[in-house]
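>
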Amino acid sequence: MVVLSIIAVIVGLALCGFSDEVRTRVWQNLLDRPGGPMVFRFLLQPLMATIAALRDGINDARTGRTPFLWTVLSDPAQRGGRLDEALIATARIILLGFAMDTIYQFIEFETFRPAEVVMIALLLAFVPYLLLRGLVTRIARRWVGDGSSSDSR
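Each residue of the sequence shown is one higher than the one before, counting from 266 in my numbering.
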């Protein structure tokens, strides 16, 4: 998936370049997407990422791991491994995003802009996962902690 994303960005840059006009078009297209066809994907992908973050965050709390985003940002020794976990957990969601945005582009623009596909898929699937997994871990740690203390009575 990472290789596919890198290839898509390189192809997008080769086809369209990175001029001011292209950057303006990309941002305008990004802002127009929630009002266009296939708007359900703006709910579906973040919802699926939230479910994955819930599952992984609760598992982190049960196993005593540090919150995800904090570890990624502050611990270089664990950064690569934790990001690999996140990519594995969200790979299907991101690939679904690639497919849905490709269909959207052919419907709306009658063309394919691969770099935009990558941007949208990452914004809708990977970013919510990154932001929510650590939060879920912190909340679940309190809940799991309360549950374990009541079981011992």
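All C-beta atoms, glycine included, are put in the ideal place defined by N, C-alpha and C.
All values reported here derive from a predicted model rather than from experimental measurement.
1. Taking C-beta to C-beta, are L397 and I359 nearer than 8 Å?
2. Enumerated in chain order, which unbroken segments of the beta strand (DSSP E) with a length of 3 residues or greater are wholly contained in the region 317-391?
3. Beta carbon of V382: closer than 7 Å to some heavy atom of the ligand MG?
4. Using a threshold of 8 Å, state whether the C-beta atoms of G362 and L389 are closer than that.
5. Secondary structure at F307, three-state DSSP: helix, strand or coil?
6. Assess, as a yes-or-no matter, whether the region 287-305 is touched by the region 360-380 under the definition of 3 or more beta carbon pairs within less than 8 Å.
7. Using the C-alpha atoms, what's the distance from L309 back to L319?
8. Excluding five sequence neighbours on each side, which residues of the same chain lie with their C-beta closer than 6 Å to the C-beta of D325?
9. The alpha helix (DSSP H) that contains R288, what's its start and end?
10. Specify the secondary structure class of P302 as computed by DSSP and reduced to three states.
11. With distances taken Cα to Cα, identify the nearest neighbour of V276 among R347, V383 and V392.
12. Which same chain residues, not among the five before or five after N294, have their C-beta less than 7 Å away from its C-beta?
13. Which term fits T328, buried or exposed, when burial requires 16 or more other beta carbons within 10 angstroms of its beta carbon?
In short, the structure shows the following:
1. Indexing the sequence shown from 1 puts residue 397 at position 132. Indexing the sequence shown from 1 puts residue 359 at position 94. In this structure, I359 does not lie closer than 8 Å to L397 by Cβ.
2. none
3. As for the ligand MG, it is missing from this structure, which has no ligand bound.
4. The residue labelled residue 362 in the question sits at position 97 within the sequence shown. The residue labelled residue 389 in the question sits at position 124 within the sequence shown. In this structure, L389 lies closer than 8 Å to G362 by Cβ.
5. Position 42 of the sequence shown, counted from the start, is the residue given in the question as residue 307. Three-state result, F307: helix.
6. yes
7. What you label residue 319 is simply residue 54 of the sequence shown in a count that begins at 1. What you label residue 309 is simply residue 44 of the sequence shown in a count that begins at 1. So the two alpha carbons sit approximately 15 Å from each other.
8. Taking the first residue of the sequence shown as position 1, residue 325 is located at position 60. Here the set comprises T402.
9. Numbered from 1 along the sequence shown, position 23 holds the residue referred to as residue 288. Looking at the DSSP string, the run of the alpha helix (DSSP H) that includes R288 is D285 to D297.
10. Position 37 of the sequence shown, counted from the start, is the residue given in the question as residue 302. If DSSP states are grouped into helix, strand and coil, P302 belongs with coil.
11. Against the sequence shown, residue 276 aligns to sequence position 11. That would be V383, whose Cα lies nearest to the Cα of V276.
12. Numbered from 1 along the sequence shown, position 29 holds the residue referred to as residue 294. If we look at N294 and ignore the five residues flanking it on each side, its Cβ neighbours are E381.
13. Your numbering for residue 328 matches position 63 in the sequence shown. That one is exposed.
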